[in-house]
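**Q** Here it is, the structure in full.
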Amino acid sequence: MKQNIIIIGATSAIAEAVARRYAESGAQLFLVARNNDKLQLIANDLKIRGASAVQTWVMDANDNEAILPMLDAAWNAFNSYDVALIAHGTLPDQARTETDMIYALDQFCTNGDSVIACLTGLAMRFEPQGKGVIAVISSVAGDRGRASNALYGAAKAAINTYASGLRVRLFKSGVHVLLIKPGFVATPMTAKLDLPARLTVTADKVATDIQKAINKRKNVLYTPWFWQWIMLIIRTIPEFLFKKMKL
Ligand SMILES: NC(=O)c1ccc[n+]([C@@H]2O[C@H](COP(=O)([O-])OP(=O)(O)OC[C@H]3O[C@@H](n4cnc5c(N)ncnc54)[C@H](OP(=O)(O)O)[C@@H]3O)[C@@H](O)[C@H]2O)c1
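Its first residue numbered 0, the sequence shown is counted upward by one per residue in numbering that gives the first Met the number 0.
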C-alpha cells in the first residue's frame, strides 16, 4: 500500500537514505529542510526513484513558530501520514561550548529543544489519526555524558527521555514512537572526524535498520546492533573509573 511519509531534516544524509527506500516503494513524501537548493535536488531524485508525489517545505528547525504552519501544509498536502522522521541535528564544537554559553545554548536548542518542539507538533497531528509511527534520530551519545561531547550528548539524552514519555502517552491512541540511536555513521556531520573504520557504517546501512525498526514497531533502535552492547558496557562503568577515562 502507498505510504505517506513526512521527514524533518530531509537533507540529512541518513534521512535521504531513508527517503530513497520509501520512494522506491512508491510513497508520497513531504520533505522539510532549511536549505531549499539541496531540498529540490533530493526531491527530484526521489521522484526519479519512484516516489508517487514529493512536496517540499523550507523551515529552520530552530524557528518554533514555523512548526505549526509547516504541519498545516503537510496535512493539507497528504491528509494523513504513516511515518514521520525527525533527523536534523548538528555536531557542536565541544571545546567552544565550554567557553561560549550563547553558542552552547544555541547548539542545545538545535539538537534538543527544536526536536522536542517537532515531536510535540507531530504528536498533536498523529494522535487524532490514531495510527502511524513517529521516529526520531537521537544518538548513542545520549546514553552517558562524556567529556568529548557533553553538550551534544545532553541534548540527545533530553530527546531520549521525552520520546520515552511520548511513547507511553501515545500508546493508547495507536501511535508508535521509535527512538533511533546510531553509532558512528559516515555522513557530512562526521566527515572531519577520524572515526574507527571497523565501527563506522554508511547512511544506507542505518537507513535499512531504521525502515525495519519502523515496520516492526521497535521502541528503541541501536544501529548497527552492536552499539546496544557497547553502550551497555559504557553505562555500567562505575563513575569513579569513568571520570578517569579519556572518552
Ligand atoms: N553521523 C553520525 O555518526 C551520527 C551518529 C549518531 C546520531 N546522528 C544523528 O543523525 C541525524 C542526522 O545526521 P547525519 O549524520 O545524517 O548528518 P548530516 O548529513 O550532516 O545531516 C544533518 C542535517 O541537519 C540539518 N540541520 C541542522 N541544523 C538545522 C536547523 N536549524 N534546521 C533545519 N535543519 C537543520 C542539516 O541541514 P543543512 O543541510 O541545511 O546543513 C542537515 O540536513 C542527526 O540528528 C545526528 O545527530 C548522526
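Cβ atoms here follow ideal geometry from the backbone N, Cα and C, with glycine treated the same way. Just so you know, these numbers come straight off a predicted model, no measurement behind them.
Should Phe183 be listed as close to ligand 1, given that the test is whether its C-beta is under 7 Å from any heavy atom?
**A** yes
**Q** Starting from the C-beta of Gln54, find all residues in its chain whose C-beta is less than 6 Å away, skip the five residues before and the five after it, and write them out in chain order.
**A** Phe29, Ala76
**Q** If I'm right that Val132 touches Lys180 with Cβ under 8 Å, what's the distance once you round it to whole angstroms?
**A** In fact, because the Cβ distance is near 16 Å, the residues do not count as touching under 8 Å.
**Q** Check the C-beta distance from Ile4 over to Val31 and give it rounded, since I have them as a contact under 8 Å.
**A** With 8 Å as the limit, Ile4 and Val31 do not qualify as a contact, their Cβ atoms being about 11 Å apart.
**Q** Report all residues from its chain with a CB closer than 8 Å to the CB of Arg20; omit the five preceding and five following residues, and keep chain order.
**A** Ala206, Thr207, Gln210
**Q** Taking only three categories from DSSP, how would you classify Tyr80?
**A** In this structure, Tyr80 counts as coil in the three-state DSSP scheme.
**Q** For Glu23 versus Ile41, is the C-beta distance shorter than 8 Å?
**A** no
**Q** Does the distance from the CB of Ala50 to the CB of Ala202 come in under 8 Å?
**A** no
**Q** I want to check one thing, is the minimum distance from the CB of Asp36 to the heavy atoms of ligand 1 below 7 Å?
**A** no
**Q** Considering Cα atoms alone, identify which of Thr189, Arg145, Arg124, Val114 is closest to Ser137.
**A** Val114
**Q** Grab the span of the alpha helix (DSSP H) containing Pro195 for me, first residue to last.
**A** Neither: Pro195 is in no alpha helix (DSSP H) and is coded neither H nor E.
**Q** Once DSSP output is grouped into helix, strand and coil, what is the label at Thr160?
**A** helix
**Q** Report yes or no: do the stretch 229–241 and the stretch 139–149 share at least 3 C-beta pairs separated by less than 8 Å?
**A** Judged by Cβ distances under 8 Å, the stretch 229–241 makes contact with the stretch 139–149, as three or more pairs qualify.
**Q** Looking at Tyr80 and Leu118, is the spacing between their C-beta atoms short of 8 Å?
**A** no
**Q** At what residues does the beta strand (DSSP E) containing Val132 begin and finish?
**A** 132–136
**Q** Where does Val184 land, buried or exposed, given buried means 16+ other C-beta within 10 angstroms?
**A** buried
**Q** List the DSSP bridge partners of Pro181.
**A** Thr222
**Q** So which of Val17, Arg166, Leu240 has the shortest CA-CA distance to Arg48?
**A** Val17
**Q** Enumerate in chain order the residues of its own chain whose CB-to-CB distance from Ala212 is below 6 Å, with the five nearest sequence positions on each side excluded.
**A** Leu177, Leu220
**Q** Could you tell me the distance, in whole angstroms, from the CA atom of Leu198 to the CA atom of Leu90?
**A** 18 Å
**Q** With a cut-off of 8 Å on the beta carbons, I'd call Ala65 and Asp71 a contact; round off their distance for me.
**A** Between Asp71 and Ala65 the Cβ distance is about 11 Å, and since that is not below 8 Å, they are no contact.
**Q** Enumerate in chain order the residues of its own chain whose CB-to-CB distance from Cys108 is below 6 Å, with the five nearest sequence positions on each side excluded.
**A** Asn61
**Q** From Leu192 to Thr186, what does the alpha carbon distance come to, in whole angstroms?
**A** 10 Å
**Q** Compute the beta-carbon to beta-carbon distance between Gly295 and Gly141, rounded to the nearest angstrom, for a pair I have assumed lies under 8 Å.
**A** Residue numbering for the chain in the displayed model covers 0 to 246; residue 295 lies beyond these limits and cannot be assessed.
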